[in-house]
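Have a look at the structure below before the remarks.
There are 2 protein chains.
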Amino acid sequence: MSAPDPILADALARIQSDIDGAFDALLPVPADTRARLVEAMRYAAIGGGKRVRPLLLTAIAELYGVERAVAVRCGAAIEAVHAYSLIHDDLPCMDDDALRHGKPTLHRAYDEATAVLAGDALQCFAFEILSNPDIIGDPFTRAELVAALAGASGMNGMVGGQMMDIVAEGSSFDLPTITRLQQLKTGALLAASVEMGAILGKVPVEGRAHLRGYARDIGLAFQIADDLLDHEGDADAAGKALRKDAAAGKETFVSLLGADRARAQAHMLLEQAIAHLAQHGREADLLRALARFIVERDR
Amino acid sequence: MSAPDPILADALARIQSDIDGAFDALLPVPADTRARLVEAMRYAAIGGGKRVRPLLLTAIAELYGVERAVAVRCGAAIEAVHAYSLIHDDLPCMDDDALRHGKPTLHRAYDEATAVLAGDALQCFAFEILSNPDIIGDPFTRAELVAALAGASGMNGMVGGQMMDIVAEGSSFDLPTITRLQQLKTGALLAASVEMGAILGKVPVEGRAHLRGYARDIGLAFQIADDLLDHEGDADAAGKALRKDAAAGKETFVSLLGADRARAQAHMLLEQAIAHLAQHGREADLLRALARFIVERDR
Chain A
1 MSAPDPILAD
11 ALARIQSDID
21 GAFDALLPVP
31 ADTRARLVEA
41 MRYAAIGGGK
51 RVRPLLLTAI
61 AELYGVERAV
71 AVRCGAAIEA
81 VHAYSLIHDD
91 LPCMDDDALR
101 HGKPTLHRAY
111 DEATAVLAGD
121 ALQCFAFEIL
131 SNPDIIGDPF
141 TRAELVAALA
151 GASGMNGMVG
161 GQMMDIVAEG
171 SSFDLPTITR
181 LQQLKTGALL
191 AASVEMGAIL
201 GKVPVEGRAH
211 LRGYARDIGL
221 AFQIADDLLD
231 HEGDADAAGK
241 ALRKDAAAGK
251 ETFVSLLGAD
261 RARAQAHMLL
271 EQAIAHLAQH
281 GREADLLRAL
291 ARFIVERDR
Chain B
300 MSAPDPILAD
310 ALARIQSDID
320 GAFDALLPVP
330 ADTRARLVEA
340 MRYAAIGGGK
350 RVRPLLLTAI
360 AELYGVERAV
370 AVRCGAAIEA
380 VHAYSLIHDD
390 LPCMDDDALR
400 HGKPTLHRAY
410 DEATAVLAGD
420 ALQCFAFEIL
430 SNPDIIGDPF
440 TRAELVAALA
450 GASGMNGMVG
460 GQMMDIVAEG
470 SSFDLPTITR
480 LQQLKTGALL
490 AASVEMGAIL
500 GKVPVEGRAH
510 LRGYARDIGL
520 AFQIADDLLD
530 HEGDADAAGK
540 ALRKDAAAGK
550 ETFVSLLGAD
560 RARAQAHMLL
570 EQAIAHLAQH
580 GREADLLRAL
590 ARFIVERDR
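Line by line, the protein sequences are chains A and B. So in this note's numbering, spot 141 of the first sequence is number 141, and the numbers just go up one at a time. With positions in the second sequence counted from 1, the corresponding number in this note's numbering is that position plus 299.
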């Protein structure tokens, strides 16, 4: 990986601390036996992950002058959905993973029932944040944010992609199919991060085309980079098990294209994503650095 | 059970058909491999259950002149949350149930991974409905509906109550504790049904006190009646396994009060619920009949 961009390094450190702070403030442990649930939610949500989605959301929001505290809480909402999807993905009946972000997965640290419930509650929590008038004053913005996140998370987005991924196991498929699958499974939530930043910034729908192009390109690049890391990476650095796709006989961008062509494709998408930002000056440098990071990261 | 009230019998038949119709229209099976997910969602959502929550919502909405088609779709949203909670509750790591609404539970009919994902997607689907501007035109109403349903479903509502229920297993506790547990686990979603009907009817918050009183009383009565049915009922008529609480050593209203005092308590709550409707005339007869049904139903 190239030397870390200082703008990006600062922004990553700041969003990681801000998102942890938001979860800490919004998830106080209750005094009754629900404590176990909220502690499990905190275990999964606080202190792990790169926070790429909240960083995308806050970077777009900053471009349009949105108050940071509001953008951070919306970032926590999207991260809550991401965190719940990882909890349920890791369950024995799904990927049966033991390690996540370098620590035991939630069902190992607690138990399966608590992991199912903590995932359910985290998904709900995302919509509690976005519909809270004390966090976002304008009801139209609240309703639009909920629609964007719900549309990207469910059967026509992330969960739909997860189902396609499970059905695909052991069967061979082509590049258009895996592209569609990954656009739903990973791309939809990344695109929603950009969309939600634009909603907060009150960017009119017709003014969002270049942002959507940027989101689409980095979404696909993100997944190709993930497949490359899975193929070439180090499990200790990644903090999770690797090469499960190959073991399960699942096709990836690397198995379909080979590592070299996959890498070239990711870089082409990176250039394309950056080209979508041409109308913005230096104030979009963080978004450019973030696109580069998504392709060139080592975990 | 007393002879079925004709107003109620009509209303139940109508809401059951309307909710099935709403799910059928809103959940078209896609042409790709997400078909498995949406078929599983339809399996769990269509054709089962008494639809008490949507009936509550539409009955309140009707009292305030809300268009029925809109109220029915909001009823489908709350029923989607109820359906997802049953899917996850039935999982092997939770209650490990084989039968629901007289047919195999979702993880038996499909598999566990599909059941986890279908539950996740149904929860999300509820918020997709409520934030859809083609279904509810006014953004303030959309945002309020999402806040009401999310607040009642998550850590401070239904899921919180489920966690308390799991933690409580095998330990003995008192009447205030089981009342609080059940207010969260079952009462919160019943209260949200009433609240969402009032939101659709644009009833000002200060005008909702009697509706909230009604909701609170029937919520608790509902759970006491459930415990009585579990204690005295017939598994075939119920379409699910019974007397699991006693087998698991869990306290219920019946174990704490005895069947006679529990029945008396349910009837006291029923009278109290009906008293909350005193300001309404014959137009609230359906809500009165529904309260009676909740206490006197035989399944």
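Ideal Cβ placement from N, Cα and C applies to all residues, glycine included. For clarity, every value in this text was computed on a predicted model and none was experimentally measured.
The segment 412-430 of chain B and the segment 336-344 of chain B touch, with no fewer than 3 CB-CB distances between them shorter than 8 Å.
Between Ser452 of chain B and the set A:Ala188, A:Thr177, A:Glu128, the nearest pair of CA atoms involves A:Glu128.
Remark: fewer than three beta-carbon pairs, one from each stretch, lie closer than 8 Å, so the segment 369-378 of chain B and the segment 60-77 of chain A are not flagged as touching.
In the three-state DSSP reduction, Leu556 of chain B falls in the helix class (H, G or I).
Within the segment 380-399 of chain B, contact with chain A at the beta-carbon level (separation under 7 Å) is assigned to His387, Leu390, Cys392, Met393. When secondary structure is reduced to three states using DSSP, Leu589 of chain B falls in the helix class. For Arg34 of chain A, at least one C-beta of chain B is nearer than 8 Å to its own C-beta.
Rounded to whole angstroms, the separation of the alpha carbons of Arg180 of chain A and Asp90 of chain A is 23 Å. In this chain, Val504 of chain B is not harboured by any alpha helix (DSSP H), its DSSP state being neither H nor E. Between the segment 511-530 of chain B and the segment 482-493 of chain B there are three or more inter-stretch CB-CB distances shorter than 8 Å, so the stretches are counted as touching.
The bridge partners DSSP lists for Lys402 of chain B are B:Arg399. With a beta-carbon spacing of about 14 Å, Val445 of chain B and Val81 of chain A fall beyond the 8 Å limit used to define contacts. Contact between the segment 397-415 of chain B and the segment 132-150 of chain A is absent: fewer than 3 CB-CB pairs across the two stretches fall below 8 Å. Per DSSP, the continuous alpha helix (DSSP H) segment holding Gln422 of chain B begins and ends at 411-429. The beta carbon of Val502 of chain B sits closer than 8 Å to the beta carbons of Tyr363, Leu510 from its chain, once the five residues preceding and following it are set aside; these are given in chain order. Boundaries cannot be given for Ile136 of chain A, as no alpha helix (DSSP H) includes it and DSSP labels it neither H nor E. Here Gln279 of chain A is exposed: its Cβ has fewer than 16 other Cβ atoms, across all protein chains shown, within 10 Å. Cβ contact annotation for Leu257 of chain A (same chain, cutoff 6 Å, sequence separation greater than five): none. If you look at Phe173 of chain A, you'll find it isn't in any alpha helix (DSSP H); DSSP assigns it neither H nor E. Take Ala45 of chain A, set aside five residues on each side of it, and the residues of its chain with a beta-carbon closer than 6 Å to its own are Phe23, Ala83, in chain order. Only those residues of the segment 427-458 of chain B whose C-beta falls short of 7 Å from the nearest C-beta of chain A are listed: Glu427, Ser430, Asn431, Pro438, Phe439, Arg441, Ala442, Val445, Ala446, Ala449, Gly450, Ser452, Gly453, Met454, Val458. For Ala412 of chain B, the residues of chain A that pass the 7 Å Cβ criterion are Cys93, Met94, Ile166, in the order they occur in the chain.
A contact between stretches requires three or more CB pairs, one per stretch, nearer than 8 Å, and the segment 304-313 of chain B meets this requirement with the segment 584-594 of chain B. In this structure, the beta-carbon distance from Leu56 of chain A to Leu290 of chain A falls below 8 Å. In this structure, the CA atom of Ala59 of chain A is about 16 Å from the CA atom of Ala77 of chain A. At a cut-off of 8 Å between C-beta atoms, Cys423 of chain B counts as an interface residue with respect to chain A. Less than 8 Å separates the beta-carbon of Met196 of chain A from that of Leu149 of chain A. When the beta-carbon positions are compared, Pro139 of chain A and Pro438 of chain B come within less than 8 Å of each other. Residues of chain A with a Cβ closer than 8 Å to the Cβ of Leu499 of chain B do not exist; the shortest Cβ-Cβ separation is about 14 Å.
For Asp120 of chain A, the nearest beta carbon of chain B is closer than 8 Å to its own beta carbon. Nearest C-alpha to Gly170 of chain A among A:Gly49, A:Asp245, A:Arg299: A:Asp245. Exposure of Gly548 of chain B is indicated by the presence of fewer than 16 other C-beta atoms within 10 angstroms of its C-beta. Cβ-Cβ distances below 8 Å link Ile19 of chain A to Arg51, Pro54, Val72, Gly75, Ala76, Glu79 in the same chain, with the five nearest sequence neighbours on each side left out; the list follows chain order. Under the Cβ distance rule, Val502 of chain B does not count among the residues neighbouring chain A, no pair being separated by less than 8 Å. What Gln183 of chain A touches in chain B, judged by beta-carbon distance under 9 Å, is nothing: the nearest beta carbon there is about 12 Å away.
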